[in-house]
Amino acid sequence: MPKRTDLDSILVIGSGPIIIGQACEFDYSGTQAIKALKEDGYRIVLVNSNPATIMTDPELADATYVEPITPEFVEKIIAKERPDAILPTLGGQTALNTALALHENGVLEKYDVEMIGARADVIYKAEDRDKFRKAMDKIGLNSAPSRIARTLTEAKDAVKEMGMPCVIRPAFTMGGSGGGIAFNQEEFETIAARGIRLSPVGEILIEQSLIGWKEFEMEVMRDHEDNCVIVCSIENLDPMGVHTGDSITVAPAQTLTDREFQRMRDASFAIMREIGVETGGSNVQFAVNPSNGDLIVIEMNPRVSRSSALASKATGFPIAKFAAKLAVGYTLDEIQNDITKKTPACFEPSIDYVVTKMPRFAFEKFPMSDSTLGTQMKSVGETMAIGRTFEESFQKALRGLEVGRTGFSGKKRDFAADELAYKLARPAPGRLFAIYDAFVQRYNVMEVARLTGIDPWFLAFLERLAQTDVEMDQHNFADVTADQLRTWKQRGFSDVRIAQALGCGEIELRKKRQDMGVNVGYRLVDTCAGEFAAATPYLYSSYDFTRDEVAPLEGKKVVILGGGPNRIGQGIEFDYCCVHASLALREMGIKSIMVNSNPETVSTDFDISDRLYFEPLTTEDVLAICEREKPDGVIVQFGGQTPLNLASSLADAGVPIMGTPVEAIDRAEDRGRFSEMLDKLGLLAPPNGMATNTEEALAAAHRIGFPVLVRPSYVLGGRAMEIIYDARDLERYMKETVVASAERPVLIDRFLEDAIEVDVDCVCDGKRVVVCAVMEHIEEAGIHSGDSTCVIPPISLSDSLVQQICDSTRAMALELGVIGLMNVQLAVRGETLYVLEVNPRASRTVPYVAKATGVAYARIATQVMAGQSLDELGVEEIVSPQHMAVKAPAFPFAKFPGARADLGPEMRSTGEVMGIDKDFSMAMAKASSAAGRTLPTEGKVFLTVKDADKRSVVMVARQLTSLGFSLVATDGTYKVLQRHGLECERINKVHEGRPHVVDLIKNREVTLIINTPLGKVTRYDDGMIRSESYQANIPCLTTMSAAMAAVEGIQALKLGAGDVCSLQEYYATSAVNPISVGV
Amino acid sequence: MGNEHSPAILVLEDGTAYYGQSVGASGERAFELVFNTSMTGYQEILTDPSYAGQGVVMTYPQIGNYGVCLEDDESDRCWADAMIMREMSPLASNYRAEMTLGAYLQQRDVLGIEGIDTRDLTLKLRDQGALRAVLSTEFFDVAALTEMAKGHPSLEGRDLAANVTCKSSYQWDESLPGFGKPGADSPHLVCFDFGVKRNILRCLVACGFRVTVVPASTSAADVLALQPDALFLSNGPGDPAAVTYAHESVRTLVEGGLATFGICLGHQILAHAFGAKTYKMKFGHHGANHPVVESNVGKIDITTQNHSFAVDIDSLKKSGLVTTHVNGNDGTLAGMEHSSLPVFSVQYHPEAAPGPHDSQHLFQRFFHLVQANKKPVA
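Protein chains in written order, with this note's numbering: chain A, 1 to 1079; chain B, 1080 to 1457.
This is the structure in C-alpha cells:
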C-alpha cells in the first residue's frame, strides 16, 4: 500500500539535549526521518530544544520549534500548528514519554492528533515492566524472574524472593537511569529508593540477576502488512550485567548456531507482534545461558535507538528512514534499498565484515565516582570500526577510541594473581588491558573466560593478539619480512605500534611497508555481502585485500575530518559543522569525502557526502585515505581537537590543509607567541606565565598573584583545568593532576574573579572578518564556557564595549591569517577587556549561533575555505537579532553519584539546549525547562549571596515574596533581608552545624536556589550546594543577573506566557537574510 | 591459537590463483564454485546434498565459531567438496559443540582452505558467473591446476541426483522438536529423494504425514504401489533437465491427481514434467536473506535459497502452471502451482536449516491441500 493521503502534517519530536543514554543518534534518526517524510510531501513540524542538531536546521522541517520538550510546550505547538499526526518513535525516551503524557492528559484527543509509529497502548505494553512480562508469558518466552515494587517496603519484600545479586530497573527511563545491580541489602535499598524516585511513574522492577549470561540484541523492522525483517544482530562482548551502551559490542552475532539464531529471530518477531508494534523499528535484547542455551527476553524498545543507529551504520540499512516511511503507510517491499538501488528494502542485510563498537568513558571528569560498570549507562560516546576479521575490527576500534591506545598492547604489568583476578572480574573501562596482561602472563583462554564471563571465542582472538604483540617486540626494523608485516597488519596492528616494536619511526615504517607492497585497500559496505553491485560509496579499510573495488573520486574533492567518538567537550556541535561543510562543498560542485568513526552521527550517514570512509581518525588511517584519494584539500577545523591534532603530521606528509594555516594554530596555542601577538595588537591578557615544573609554577603564580587558573596546553573541554587559590594547592596540582613537559607546559593565568565572560565566533576570509555573534555568559567567570549559560545578544554590556570586543576579534583573526572560523573567549572586568583564549577553528557554539541568528556560518566558512570571499558571498554582520537566545548546559551528575557536581573550569556537561523568545526572561525560563530544570512557580527559595550582591538580592527577594514564594537564607543574606523587612528563615552553612543547607536541599524543602559564590572558603560550600542541587534537580542560579532574569521568567510563567514561535517565524521577522541551502 | 597449517591453493578456470592454508582434509578436488551469503549455518550447508559437486565460498569471514553439533547435520555425510573461508575458528564456542569445524572437515573428508580474500572471490563470481575451480593441498602448479579446472565437467547437463539419492526406500518418523509423530491413519506421503534434507522430512512429519522416502529413479508404478495420499519432490543437486527419468514418473503421478509439493530441484523437475523449461543462472541464489513475494497477497517471506538453475517464467505458458511467488531481488520465479491439479512448488527452502522459518507454513498449506484432495471413503 502506498503512503497515507489522509495525513497532511506530522509533528516530529526530537530528543533534546545530549545526555548519557541519549546522544546524537537521535539527530541522525530524526534527520533521516524528516527528509524521508518531506520527500513524500508531508508538512513537518519539529520540536527539539537542542540547537546543535542538524534536524533543527531551518531548511529541514517546515516549522522548527526550538522549545522545551515538555507536555506544556508541545501542547502549545500542537494548538498552534494543528498537526494531523505525531511521530514519537524517533526522539528516544524523551519523545516517547512526552507523547504518552500528551495522550494521558487528553491533548492528543482534544486536537485530534493521531500517534503514528507506535500507539500509546503499544508503548505501555513495551515499557511497563509488568505488562511486558505478562506479554512474554503469553507467547511462551521466558523473562527473568522479577517483581514490581512501588515502595521501598514492597521492594524489600520482593528481594526476599529474588535473592542477591539482583537487578533494579526503574520503569520508563532510558539508559538504565537510576537502576543498578545490588549485591547486598544496603546497596539494594539505596538503588531501589533512587529507582523509585527517578522513574516517572514511581515504579521499579526487581529482577533476578543474569550476570555472566551472554547478551544479544536484534534490530527488527515490521510493516503494517506484517512483513518482518532482522536488520542486524549484535553480540555483546561484555556479558550480562553491563549496560549494552557501556559494552563492547560486535555485529553480527558471532557465537550463535543457526538454530539458536533462528530461535532468537522467531522470538523477536513474536514479540513485535504481541506487543503490537505495527510499523517501524524496534530493538529486542536477549540473554543466553552459555551452559545450556536457555533464552531469556530482557527488554524491547518500540522505537529507534542507539543500537538501531549502530545497526544502520554497521549494515548500510537506514532503519530510521524506513521506519518513517513505514509509519506513513508504505510496506517494506515498496521501499528501495538505498545501497544497491535495485533490490527492495524487504530483505535482511548480509555482511561480510566484522563490526566492533567500543564505548568511551569520562570517569576522569568525575573523580570519586565508581567506575565499575553496571546496568546504568555511564559512557558518553562510542566509536565503531569495520574490519574484515574480528581482530582487525577490534584493533581499529581501540585506536578509533582516541584514548591514547595504539591497539591491543599494554605495559605488560606484572600483577599478582589475586589482583589480576580482581581486575578481570570487575567490569570497568580498563578491563581489556587486564585481559592483555593476563595473556602475556600465560593465562589460558578458559581461565580468563571464567573470570570475565567473556565468550572464549572472543578471548581466543585476544590471546592471539596479545601473543603477537609480545612477539613483535622480538623483531627489528632491518630484518622484518613482508609476510610478517602483512600478518600483523591483517591482525589490525597500527603502524605506530609496529614501529615502536621494531624500534623505528612511524614514517620510516610506513615507507618500508609500502615498499614491500603491504598496502591497505578499501572495501564497500553494500548490505548484501557482494551479491549485488553497490551504488553507494561507503567504504572501510582492510589489509585483507587483493584488488581495489572502487576507483578514487574524480574531479575536485575535499576530505572533511570528523570528530571521532563523542566525549565531554567534543560532540554533536562539531559533527554539525562537518555536515555543513559537506553540504556546502557539494553545493559548490566539489566532491566531499567524510572520514569519521562515530556511528551515532549525521556525518556518518552515507547520504551526507559523496563518499564516506568509516575509519579511525589517526595519522595512519587518514593519511592512507589521502594518499589514495589525493584530495585538493583537507578540512581540519570543524571536527574539534581530534583533526586539529592531526593537522601538523598531515601537513608534514604533504597533505594540503584547507583554510587557516597550521602555523596559526600553533601561534594561538603557544603562550609566548600568543602574548607577542596581543602586545602587537595592543590587547590585554590576564597576567600569565608558563611552567614545566612545580618550582616554575610557584614562581609564576607569585608573580601573577593568586587566584590563578591553571591548565595543560593543547586540550579541549578544559581537561584538568582548575582555579587555584594558594601555593599548597598549586603544588598538589603540579604533582597529582598534570604531567608537564617542555613541549606541553602548564599554562598559568590570573583568575579574574567577578568578571563577565564573553564568547565570540567569527568567520574570516583573510581580508575581512564577520563577527557571527557575541555571547555573554550568565554565570560568573571561572566556569568553562561549555558549562555556562549564555545569551545572544549580550544583555549587560555597553554598545561601546561590544564594539571593542568585535574590533579586537577582527584584529586577531586578521593577524593570525584565519581562513574560516575562529572563536575568542574574553573577560570583561569593569570596563577592561581581557583576551583569555583564541581558537582558530570551529567552536562548540557555532550551531547555537547559527540557530540564534539564522545564518549557517559553518557553510559560509566552508565556502571561504574553498576560496570565495565574504564580499562575493554577500555576508554581512547581523547587528542585533530581534529575539533573545539563551544556551544552557545539560549535566550528567545524576549518573555519577559520589562525584562532586560543582562547576568550574573543567567542562562536564554533555549537551546543551536553547531557549528562544522575544524577551530574555522567558528565553531563560525556556532554556531552564529544556535543560530539565524547570523554574518553579511556588515553594521556598534558598538565598545565599556574596557581599557585593547583598544590595541587589533585596529586590529579587521582594519580587519572589510578592510572587508567593517563601524565603530561607544563610546568615549574612538573612540579616540583609530582615533589615529590609522581608520575612525569611535562617539556615546554617555547612560548617555551622546541622541542619544545614545541604540537608535543606537533600530534603527538597526548596524549589529554587540563588547562590552567588566568591573566594575559596565559600567555594567549598557553594560546591556542595551546587552538587546537591543537581542531584535533587533543583534549579540553582549563580549570578544576580541570572536570578533577576529567572524571577522575570517565573513571573512570565505564572501569567501563562511563553508563546511558542518557530525559527522560520523568528528569522522572517529578523533583519536577517538566512543563507538557505537545502539539506 | 596456532597458525601451523600447511599451505593450500585454489585455482579458478580463468587461471586466478588464491593461496591460503589447508584447514580440512588433504587432497585435490575439482568442483564448481558458488558463494553463500548466510552468516550462520555452515554445517547445514556442508551436509545439504544440493551442494554435491560444489565448492562453497562463505562470504561471512569468520566461520566455524560455534563448532559442529552432529544433530544439526542435514544428511548422513558432507556433500560439498570444499569450504573456502577467510578465517576458520580454531575453537568451538557453543555448549552443544562436539568438535571444531576443522576436525569435522577432516573427519568427513572435505577440503577446507582459510586465509582467502573471499570478498574478492565473491565479486569475481558475481561478475563472471559460477566458475570451475580446483583446490589442492598437495600440488601447486597453477597452470596444471587451471587445466584441471577447465577439464572439470560443468553442472549443466549433469544428473547429480543419481549420486546422492538413497539406495533403497525407507520410512522416516523423526519430527521437529516439540511436535508429535503421525499415527497409522495419518496421510501417507511418498518423498522422491533427489538429495533430501532431513529438516524437510521433519517438517513433513511434524505437519502430520507418514513419510516414505524412495530413490530418485523409482517408477510411478512403484510409487503408486505404496498407496500414497501425497507426493513430495525433494531438493537436490545438478541440472534438473538431466533427470529425465524423474520427469516421466512425476508426470504420470501428478496427472493421476496425486497432491504434490516440490522444493528446489523438485520444483524444477515438476516444471519439466509439465513441459516447462529450466536454465542455468549466472551465479544462482545461495543465501538466507532472499525476499520472496507471494503474488496477489503482497506478503513477503525471507527465505533460504540454494539453486544454480531456475524455471523459465515464460516457459510456464501452456504448461498449466502459473506463477505464485517471485524473488523480490531479481523477479525470477520462486513458486508456482497448477491451475487445475493439486500441485504446487517453490524454488526456495521453507524447511530452512539453515535460515529463516518464515515460509514453514507451506508444509501446513500442503497438508491441508492433501486433506482436501483425499477422496472421501466410499
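From the three backbone atoms N, C-alpha and C, an ideal C-beta is built for every residue, glycine too.
- Rounded to whole angstroms, the Cβ separation of A:Asp610 and A:Ser597 is 19 Å, and the two are not in contact under 8 Å.
- If you check each beta-carbon in the region 1154 to 1184 of chain B against every beta-carbon of chain A, the ones closer than 9 Å belong to Arg1165, Glu1166, Ser1168, Pro1169, Leu1170, Ala1171, Ser1172, Asn1173, Tyr1174, Arg1175 and Ala1176.
- Here DSSP, grouped into helix, strand and coil, assigns A:Thr64 to strand.
- Restricted to the region 1005 to 1055 of chain A, the alpha helix (DSSP H) segments that are unbroken, complete and at least 4 residues in length are 1016 to 1032 and 1040 to 1054, listed in chain order.
- A:Lys378 sits in coil when the DSSP states are folded into three classes, being neither helix nor strand.
- Residue burial annotation: A:Ile139 is exposed, with fewer than 16 other C-beta atoms found within 10 angstroms of its C-beta.
- Here A:Ser962 is exposed: its Cβ has fewer than 16 other Cβ atoms, across all protein chains shown, within 10 Å.
- For A:Gln978, the enclosing alpha helix (DSSP H) begins and ends at Asp971 to Arg979.
- Close CB contacts of A:Thr94 within its chain, under the 7 Å cut and outside five residues either way in sequence, are with Ser15, Gly16, Gln22 and Ile69 (chain order).
- Take A:Ile275, set aside five residues on each side of it, and the residues of its chain with a beta-carbon closer than 7 Å to its own are Val122, Lys125, Ala126, Ala135, Met300 and Pro302, in chain order.
- Taking 9 Å as the Cβ-Cβ cut-off, the region 346 to 367 of chain A approaches chain B at Cys346, Phe347, Glu348, Pro349, Ser350, Ile351, Asp352, Tyr353 and Val354, given in chain order.
- Counting other Cβ atoms within 10 Å of its Cβ, A:Met174 reaches 16 or more and is therefore classed as buried.
- If only complete runs of 3 or more residues are kept, the region 184 to 215 of chain A shows the beta strand (DSSP E) at 204 to 208, in order along the chain.
- At least one CB atom of chain A sits nearer than 8 Å to the CB of B:Leu1202.
- Taking A:Ala691 as reference, the option from A:Val708, A:Leu683, A:Lys325 and A:Leu678 with the minimal CA-CA separation is A:Val708.
- Against chain A, the CB of B:Glu1123 has a partner CB under 8 Å away; the residue lies at that interface.
- Between A:Ser369 and A:Ile196, the alpha-carbon positions lie close to 21 Å from each other.
- Only residues of its own chain outside the window of five on either side were considered, and among them Val636, Ile657, Val662 and Ile665 have a CB closer than 7 Å to the CB of A:Ala647, listed in chain order.
- For A:Gln868, the secondary structure class from DSSP, reduced to helix, strand or coil, is coil.
- Excluding sequence positions up to five before and after A:Arg750, its CB lies within less than 7 Å of the CB of Pro686, Pro687, Asn688, Ile704, Gly705 and Val708, all in the same chain and listed in chain order.
- Along the region 274 to 290 of chain A, the positions whose C-beta sits under 7 Å from a C-beta of chain B are Pro290, read in chain order.
- Think of a sphere of 9 Å around the beta carbon of B:Lys1378: the chain A residues whose beta carbon falls inside it are Glu225, Asp226 and Asn227, in chain order.
- Look at the region 1096 to 1173 of chain B and you find these whole runs of beta strand (DSSP E), each 3 residues long or longer: 1096 to 1101, 1107 to 1115, 1133 to 1137 and 1161 to 1163.
- If you draw a 10 Å sphere on the C-beta of A:Arg719, you find 16 or more other C-beta atoms in it, and that means buried.
- Measuring C-alpha to C-alpha distances from B:Leu1204 to each of B:Thr1216, B:Tyr1183, B:Arg1187 and B:Glu1111 identifies B:Glu1111 as the nearest.
- Counting every other CB atom within 10 Å of its CB across the protein chains shown gives A:Val875 a total of 16 or more, marking it as buried.
- Contact between A:Ala397 and A:Thr383 is confirmed by a C-beta separation of about 6 Å, below the 8 Å threshold.
- For A:Val445, the enclosing alpha helix (DSSP H) begins and ends at Val445 to Thr452.
- Distance from the CA atom of A:Gly329 to the CA atom of A:Lys3, rounded to whole angstroms, is 5 Å.
- In this structure, the CA atom of A:Asp8 is about 50 Å from the CA atom of B:Ala1285.
- In chain order, Pro1370, Val1372, Ile1379, Gly1407 and Asn1408 make up the part of chain B whose C-beta sits under 9 Å from the C-beta of A:Pro344.
- Nearest to A:Asp418 by alpha-carbon distance, out of A:Gly407, A:Gly404, A:Ala438 and A:Phe433, is A:Ala438.
- With the criterion set as a beta carbon lying under 7 Å from some beta carbon of chain B, the members of the region 232 to 265 of chain A are Pro252, Gln254, Thr255, Leu256, Thr257, Asp258, Arg259, Phe261, Gln262 and Arg265, in sequence order.
- Put simply, the CB of A:Pro456 is near chain B, with a gap under 8 Å to one of its CB atoms.
- Under the rule that a run must span 4 or more residues, the alpha helix (DSSP H) segments found entirely inside the region 11 to 74 of chain A read 25 to 39.
- Only those residues of the region 429 to 456 of chain A whose C-beta falls short of 8 Å from the nearest C-beta of chain B are listed: Val445, Asp455 and Pro456.
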